[in-house]
Every structure is written in C-alpha cells, then in structure tokens.
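One structure below.
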C-alpha cells in the first residue's frame, strides 16, 4: 500500500503516532503504577483517534467500527486496572 | 481548493494541537492527578475535533456524489459518543484508585477527600 504523504489525513495519522511515542515515555518512566495507567489511558484514546483518521484516509468504514469496539474494550480494561489498584475484589 | 477543505484542515489542526499538548502535559506535570488532568481532558477535546473533521469529510463526499461515504460520518459519530462517555469515567476511576492506594497530590495544602474519608471511617 503506497502512502501519499501530502494527504492531510495521513499526515495527521503520522503526527498522532509521534504523540503516542511521547506518551509511551511516561509509561516507561512513570515512578508509580497509576502514572503508567494514566499513560496507557492516553495512548488508548490516541489510538482510537488515529483509527478514525486512518479510516477517513483510505475511505474504509471498517476501521471506524474497530475503533468503536476498541474504545469500549479499553474502557473496561481501565476500570479493571483501577479496581485492582484500589485493592478491591474483581 | 474549496472552503470545505479549509474547514477540514482547521479542525484537523486544532485536534492535533490538543492531542500533542496532552502528550507534553503528560511529560511535564509533577504528579498523577495533574497528569490525569492533562492526559484525559486534552485527548477528549482533541478527539472531538478530529472526529468532527472526519464527519465533515464524509458529508462533503456524500454531497459530491459518493453516497457510500455517509456511513463514514455516522460510524464516526458513534465512535465519538463512545469516547465522550468512556474517557471521563475511566479518568475518574483512575483518580479514585490512585487516592485510595495512598498517593498524595504533590504540593497540595488542602486534601478535602482525605478528611471526608477519615470522617467516614470514624462513623
């Protein structure tokens, strides 16, 4: 698949990947566990936005369906990690 | 280049700036709660603008004759609703979990939630 780098959607997609890399530094450095969870949550939202932009770049609706499912699943993951950090039973 | 393309570019630019500010805030802020503030609110706001850009793109292509692309707008709207419902809820859960696992806000003078929880323990 040949990417056209002058397409604004592809350019936005690549810059969102850069944002994800910066957030990943916080996941690696984070002094406490909640810091890493916050970094992960930010990366999740950026992935959803990047999937929507990618679907628009190639005019494919199926990528946006994947983004919807990813949003709901990442929400459940965040809730479970938060519950685990609190020390409650799952 | 039509004015619709300019509108799409502006919305993409605003969304990108806010998403990038979220990453910068995640790196620069001192403790969990301020990082949560940057990382969650800015990405929600930025994603709203990126989704609106894609919705405008879908409607624009639909009006130009490519009728299959109206579903792009509808599905993006559903994804946007999912983001707006789940993102603040997840942030609230993380903040409560961080406070209950004993992490204090950096440079905070008053901690109302802690006083409230001590009152509840005494009852």
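Residue numbers (the numbering used here), protein chains in the order written: chain A, 1 to 90; chain B, 1001 to 1123.
All C-beta atoms in this analysis are idealised placements derived from N, C-alpha and C, irrespective of residue type, glycine included.
Per the C-alpha coordinates, the member of 1034/B, 1119/B, 1084/B, 1024/B positioned closest to residue 1052/B is 1084/B. Residue contact check for residue 37/A against chain B: a CB pair falls below 8 angstroms. The continuous stretches of alpha helix (DSSP H) do not include residue 1001/B, and DSSP gives it neither H nor E. Inter-residue distance for residue 1115/B and residue 1121/B is about 10 angstroms (C-alpha atoms, whole angstroms). Annotation note: the stretch 21-84 of chain A contains no uninterrupted beta strand (DSSP E) run of length 3 or greater. Rounded to the nearest whole angstrom, the CA to CA distance from residue 13/A to residue 81/A is 28 angstroms.
Of all C-beta pairs linking the stretch 1101-1108 of chain B to the stretch 1028-1036 of chain B, three or more are shorter than 8 angstroms, placing the two stretches in contact.
DSSP places residue 1054/B inside the alpha helix (DSSP H), whose first and last residues are 1042-1063. Between residue 78/A and chain B, the shortest Cβ-Cβ separation is below 8 angstroms. Contact between the stretch 61-81 of chain A and the stretch 43-50 of chain A is present: 3 or more CB-CB pairs across the two stretches fall below 8 angstroms. Here the C-alpha atom of residue 1099/B lies approximately 10 angstroms from the C-alpha atom of residue 34/A.
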